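J.: For reference, each letter of the sequence shown is one residue, going 3 to 279 in this note's numbering.
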Amino acid sequence: MSVIEALIFGIVQGIAEFLPISSTAHIIIAQFIFGTTFSGLSFEVILHLGSIVAVVLYFRRDCIRLVNTFFRYLSNRSPQDRPDFFFGIYIIIATIITGVLGIFLEDFFAETMKTPVFIASALAITGIFLIIIEKFHQIGNRTEKEMTFFDSVIVGLAQTLAVFPGISRSGSTLIAALLSGLNRETAVRYSFLLSIPVILGSSVLAFDDLSAGNLGTFGTLPLIVAFLASLISSWIGIVWLIQFLNKGRLIYFALYCFLLAIIVVTMLNNGTVTSVN
3 MSVIEALIFG IVQGIAEFLP ISSTAHIIIA QFIFGTTFSG LSFEVILHLG
53 SIVAVVLYFR RDCIRLVNTF FRYLSNRSPQ DRPDFFFGIY IIIATIITGV
103 LGIFLEDFFA ETMKTPVFIA SALAITGIFL IIIEKFHQIG NRTEKEMTFF
153 DSVIVGLAQT LAVFPGISRS GSTLIAALLS GLNRETAVRY SFLLSIPVIL
203 GSSVLAFDDL SAGNLGTFGT LPLIVAFLAS LISSWIGIVW LIQFLNKGRL
253 IYFALYCFLL AIIVVTMLNN GTVTSVN
């Protein structure tokens, strides 16, 4: 892999990871375009690690506070720590649901999902739900203090759908949280913080691939470039999305998903570029 390719893959991963447009679909599309495949999951792990470092750094104060108040509540049951404690519980619940169901679905469907038609269909579905939440649903006003066990289950189930390429993890969790009646700020914060254990967990599951020495096939410099590009572009994506959702509308992401779906099904499915095996 060349340094330029590594840079492009890193930027694609970082920008798409936290926007509701499916980073997995974009990485697969990039592989189609370059006519290449990744040997195992090791390179994707490096890309995801860049994203997780970015979100941890951005939400470092929230992470530290949640961890401190979580264990403090276990020891003293302070009422002021109760909201953060249960917010942490809701992150754990959604993560467990996603982890268990995600492993089953990924093993069951395997590579059959990574086809142009499937990716295009999933992108279109993502776009449809973004329009539904924007045009036909009144955004709620519940904060994390009013969150319930049911909210975490719904978001966890929705996040599981991201195992399908084209279904955005951030998009599915954001949509589910908003449909549950959470306000925008809480939904966005919950979605971002929920990405930490999910991305970290998927990286841990791929540790065997890393230990097998597959990273050596990519070269040290491309790996460093891919990691840094993913980290920096992920940070930019986080900052931009938070600012955009405070001012803009989800419908623009929906239109992008529709456009990308058309490009995928017309160009890739007609054999314009080499498919991924």
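Ideal placement from N, C-alpha and C gives every residue a C-beta, glycine not left out. Given the structure is predicted, the values throughout are model-derived calculations rather than measurements.
1) Taking a contact to mean a Cβ-Cβ separation below 8 angstroms, would you say Y60 touches I240 in this structure?
2) Is the beta carbon of P22 sitting closer than 8 angstroms to the one on L233?
3) Just how far apart, CA to CA, sit R74 and C259?
4) Pairing CB atoms from the stretch 167-186 with CB atoms from the stretch 121-132, are three or more of them under 8 angstroms?
5) Under three-state DSSP, which class holds Y144?
6) Taking the DSSP output, what are the residues bridged to L184?
7) Is the beta carbon of D153 less than 8 angstroms from the beta carbon of L184?
8) Just mark G16 as buried or exposed, buried being the case when its beta carbon has 16 or more other beta carbons within 10 Å.
9) Would you say the stretch 3-20 touches the stretch 149-163, given that touching needs at least three Cβ pairs under 8 angstroms?
10) Decide if Q161 is buried, meaning its Cβ has at least 16 other Cβ atoms within 10 Å, or exposed.
11) At which residues does the alpha helix (DSSP H) containing F45 begin and terminate?
12) Please classify Q140 as buried or exposed, where buried requires at least 16 other C-beta atoms within 10 Å of its C-beta.
13) Could you give the first and the last residue of the continuous alpha helix (DSSP H) run that contains S236?
14) Near F120, what residues of its chain come up, given a Cβ to Cβ distance below 8 angstroms and the 5 sequence neighbours on each side ignored?
15) Note down the Cα distance separating L9 from E46, rounded to an integer number of angstroms.
16) Within a Cβ cutoff of 8 angstroms, which residues of the same chain sit near V227, ignoring the five residues on either side of it in sequence?
17) Quick check on S154: does DSSP put it in helix, strand or coil?
18) Output the distance between the C-alpha atoms of V278 and A231, rounded to the nearest integer angstrom.
19) Between K116 and I244, what straight-line distance do the alpha-carbon atoms span, to the nearest angstrom?
20) Smallest Cα separation from E146: which of S77, A32 and Y192?
21) Report the option in T39, I48, F36 and K249 whose CA atom is closest to the CA atom of L225.
22) Helix or strand or just coil, what does DSSP make of G12?
23) Which of the three DSSP states, helix, strand or coil, is assigned to H28?
24) Rounded to whole angstroms, what's the CA-CA distance from T71 to I93? Just pull it up for me.
25) With a cut-off of 8 angstroms on the beta carbons, I'd call V266 and A122 a contact; round off their distance for me.
26) Measuring straight from C-alpha to C-alpha, what distance separates L107 and R171?
27) Give me the residue from F20, I105, L196 and H50 with the minimum Cα distance to F89.
28) Taking a contact to mean a Cβ-Cβ separation below 8 angstroms, would you say S182 touches L51 in this structure?
T.: For this structure:
1) The criterion of a C-beta distance shorter than 8 angstroms is satisfied by Y60 and I240.
2) L233 is positioned such that its CB atom lies no closer than 8 angstroms to that of P22.
3) The alpha-carbon atoms of R74 and C259 are separated by roughly 43 angstroms.
4) A contact exists between the stretch 167-186 and the stretch 121-132.
5) Looking at the sequence itself, residue 144 is Arg, so the reference to Tyr does not match. If DSSP states are grouped into helix, strand and coil, R144 belongs with the strands.
6) When beta bridges are read from the DSSP output, L184 appears opposite R144.
7) At a Cβ-Cβ threshold of 8 angstroms, D153 and L184 count as neighbours.
8) Looking at its Cβ environment, which holds 16 or more other Cβ atoms inside 10 Å, G16 is buried.
9) No, the stretch 3-20 is not in contact with the stretch 149-163.
10) Buried: at least 16 other Cβ atoms inside 10 Å.
11) In the DSSP assignment, F45 falls within the unbroken alpha helix (DSSP H) covering S44 to Y60.
12) Counting the other CB atoms within 10 Å of its CB gives Q140 a total below 16, which places it among the exposed residues.
13) Taken as a continuous stretch (DSSP letters only), the alpha helix (DSSP H) holding S236 covers T222 to K249.
14) Excluding residues within five positions, the ones whose Cβ falls inside 8 angstroms are T114, F166, P167 and G168.
15) Near 13 angstroms, if we compare the C-alpha coordinates of E46 and L9.
16) Same-chain partners within the cutoff: V5, A8, L9 and G12.
17) Of the three classes helix, strand and coil, the one that applies to S154 here is helix, per DSSP.
18) Any answer about V278 is weak, because its pLDDT of 38 lies below 50 and its placement is not dependable; what the coordinates show is given next. If I take the Cα positions, the gap works out to 23 angstroms.
19) Straight-line measurement puts the Cα of I244 at about 30 angstroms from the Cα of K116.
20) Nearest C-alpha to E146: Y192.
21) Taking the Cα of L225 as reference, the smallest distance to any Cα among T39, I48, F36 and K249 is reached at I48.
22) G12: helix per DSSP, three-state reduction.
23) Helix at H28.
24) Note on geometry: alpha-carbon atoms of T71 and I93 lie some 14 angstroms from one another.
25) About 4 angstroms; that satisfies the 8 angstroms criterion.
26) Between L107 and R171, the C-alpha separation is close to 15 angstroms.
27) Among F20, I105, L196 and H50, the Cα nearest to that of F89 is on L196.
28) In this structure, L51 does not lie closer than 8 angstroms to S182 by Cβ.
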